[in-house]
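Read the structure below first, then the notes.
Residue numbers (this note's numbering), protein chains in the order written: chain H, 1 to 114; chain L, 1001 to 1109.
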């Protein structure tokens, strides 16, 4: 079982609200990622981090921001949520020296913006 | 850029063998991996092929042919719990995993 946790699992909010999706891992992994996945669709990378104080944007443009102040914590923030942000957000981590592309995923945060 | 193609849906009978194919286009990559995702769940890593050939892990095997730009996931002795979506994934960089659109496998009694 992977030790990576996301909260909240489900969130319904109104347009314009600020939200933060939390992600924590206890495996000591340096690399962490945020993916966005619509139902039945592929995963798209929106942010990643090599380690503390490192953050990069992924392939899919996103209005969200991330921070990496501690190794184990990689929160994602939406300053002003819109209905187009409705999706599932998956956090993942990997060991820095992995050569298999193995990511450990959290259970996801399913966001609905009304 | 990259592209991955895999069938959107596959149905197979419990106890049978099923093969999920994946063809890709890319200018270069480190390897091809496979992930399983149950409805509402987290994707979980199944296998990785860096070199051509077959990798076996229990009931699951994965194959890669770089010359044919092709890979597949083979599931043997299918069980009902194998019903899930399966993604082939290109590793094109240290932090770059490109996911296919996924194949939804339904196992029927």
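No residue lacks a Cβ here, since even glycine has one placed at the ideal position from N, Cα and C.
For residue i, the first and last residue of its enclosing beta strand (DSSP E)
i                       : result
residue 1026 of chain L : Segment: none, residue 1026 of chain L is in no beta strand (DSSP E) and carries neither H nor E.
residue 1099 of chain L : 1096 to 1099
residue 69 of chain H   : Where residue 69 of chain H is concerned, there is no enclosing beta strand (DSSP E), given that its DSSP letter is neither H nor E.
residue 1012 of chain L : 1009 to 1013
residue 22 of chain H   : 19 to 25
residue 53 of chain H   : From DSSP, residue 53 of chain H is part of no beta strand (DSSP E); its letter is neither H nor E.
residue 1002 of chain L : Counting along the chain, residue 1002 of chain L falls outside any beta strand (DSSP E), and DSSP gives it neither H nor E.
residue 32 of chain H   : 31 to 37
residue 1091 of chain L : 1084 to 1093
residue 1062 of chain L : 1060 to 1065
residue 6 of chain H    : 4 to 7
residue 92 of chain H   : 87 to 94
residue 1051 of chain L : Neither: residue 1051 of chain L is in no beta strand (DSSP E) and is coded neither H nor E.
residue 1108 of chain L : 1103 to 1108
residue 1071 of chain L : 1070 to 1075
Distance between residue j and residue i (C-alpha atoms, nearest Å)
i                       : j                       : result
residue 1092 of chain L : residue 92 of chain H   : 17 Å
residue 112 of chain H  : residue 1087 of chain L : 25 Å
residue 1002 of chain L : residue 43 of chain H   : 14 Å
residue 100 of chain H  : residue 86 of chain H   : 31 Å
residue 1010 of chain L : residue 1106 of chain L : 6 Å
residue 76 of chain H   : residue 16 of chain H   : 16 Å
residue 23 of chain H   : residue 1101 of chain L : 25 Å
residue 1018 of chain L : residue 1089 of chain L : 19 Å
residue 6 of chain H    : residue 68 of chain H   : 15 Å
residue 64 of chain H   : residue 1042 of chain L : 21 Å
Residue environment, residue i, which counts as buried when at least 16 other CB atoms sit within 10 Å
i                       : result
residue 991 of chain L  : This structure does not reach residue 991 of chain L, given that chain L is present from 1001 up to 1109, and the question cannot be answered.
residue 1049 of chain L : buried
residue 1082 of chain L : buried
residue 29 of chain H   : buried
residue 40 of chain H   : exposed
residue 36 of chain H   : buried
residue 1020 of chain L : buried
residue 4 of chain H    : buried
residue 18 of chain H   : exposed
residue 1181 of chain L : Residue 1181 of chain L lies beyond the residue range present for chain L, which begins at 1001 and ends at 1109; the question has no answer from this structure.
residue 52 of chain H   : exposed
residue 61 of chain H   : exposed
Sequence-distant residues of the same chain with beta carbon closer than 7 Å to residue i, five excluded per side
i                       : result
residue 1023 of chain L : 1005, 1069 and 1070
residue 1077 of chain L : 1015 and 1059
Cut-off 6 Å between Cβ atoms - residues of its own chain near residue i, not counting five sequence neighbours on either side
i                       : result
residue 1007 of chain L : 1103
residue 1038 of chain L : 1084
residue 114 of chain H  : 14
Beta-carbon proximity list for residue i, same chain, < 8 Å, skipping 5 on both sides
i                       : result
residue 1047 of chain L : 1033, 1034, 1055, 1057, 1060, 1061, 1062 and 1073
residue 9 of chain H    : 107, 108, 109 and 110
residue 66 of chain H   : 34, 47, 49, 55, 74, 75, 76 and 77
residue 1052 of chain L : 1064, 1065, 1066 and 1067
residue 27 of chain H   : 2, 3, 4, 93, 95 and 104
residue 72 of chain H   : 24, 25, 26 and 28
residue 1028 of chain L : 1092
Self-check item: Members of the region 1074 to 1091 of chain L that neighbour chain H once the beta carbon cut-off is set at 8 Å
Solution: 1085, 1087, 1089 and 1091
Self-check item: Residues in the region 1014 to 1029 of chain L having any Cβ partner in chain H nearer than 8 Å
Solution: none
Quiz item: What residues in the region 1056 to 1072 of chain L bring their beta carbon closer than 7 Å to a beta carbon of chain H?
Solution: none
Quiz prompt | Members of the region 40 to 56 of chain H near chain L, C-beta cut-off 8 Å | solution = 40, 41, 42, 43, 44, 45, 48, 50 and 56
Practice problem: Taking only beta carbons into account, state which residues of the region 65 to 76 of chain H come closer than 7 Å to chain L, listed in chain order. | Solution: none
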